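Input: a single structure, listed below in C-alpha cells.
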Amino acid sequence: MTKILCDVYKTRKKDEMYLYVSRTDGLERVPDALKEQFGKPELALTMMLSADKRLGRAKAEDVMKALDEQGFYLQMPPPRENPDLPDLFTRRDRD
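Our numbering numbers the first residue of the sequence shown as 187 and each following residue consecutively.
And the structure:
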C-alpha cells in the first residue's frame, strides 16, 4: 500500500481552507497564483496519508491522486447554509 508523508497548511484568509502537499515536494509544485490567493501558509499538521486513511471532508485516494498528479490538493471550506448571513449566524458556528 502506498503512503505519502503529507503536510497540511491552513490560511488566515479563509476559515476551513487547507492546502495538502507532500513533504517531499513541499510548496514547490503549488502554482504561484494559488500561493498568492492562499496567503502565508501556516502548518496545521503533518500526517502519513494512505488510501484507507479517514479524512474529514475529502477522500484520501483523491488527495493522494492530486498530490501525485499536480503536487497539491486544495480543500475548500464547506458551503454555508445561508450565504446571505455572516458566518457568525450559521449553524456550524453556533455549536
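We treat Cβ as the ideally placed atom computed from N, Cα and C, and that holds for glycine. Since we're looking at a predicted model, the values are computed, not measured.
At the C-beta level, Leu241 and Val207 stay beyond 9 Å of one another. For Leu253, there is no enclosing beta strand (DSSP E); the residue is found in the alpha helix (DSSP H) stretching over Ala246 to Gln256.
For Ala230, the enclosing beta strand (DSSP E) has its first and last residue at Glu228 to Ser236.
For the 9 Å CB-CB criterion, Tyr195 and Pro227 form a contact. Cβ atoms of Gln261 and Tyr204 come within 8 Å of each other, at about 4 Å. Annotated three-state conformation of Lys221 is helix, per DSSP. A buried status is given to Leu235, since no fewer than 16 other beta-carbon atoms sit within 10 Å of its beta-carbon.
At least 9 Å separates the beta-carbon of Leu191 from that of Arg215. Among the bridge pairs identified by DSSP, Val207 is matched with Asp193.
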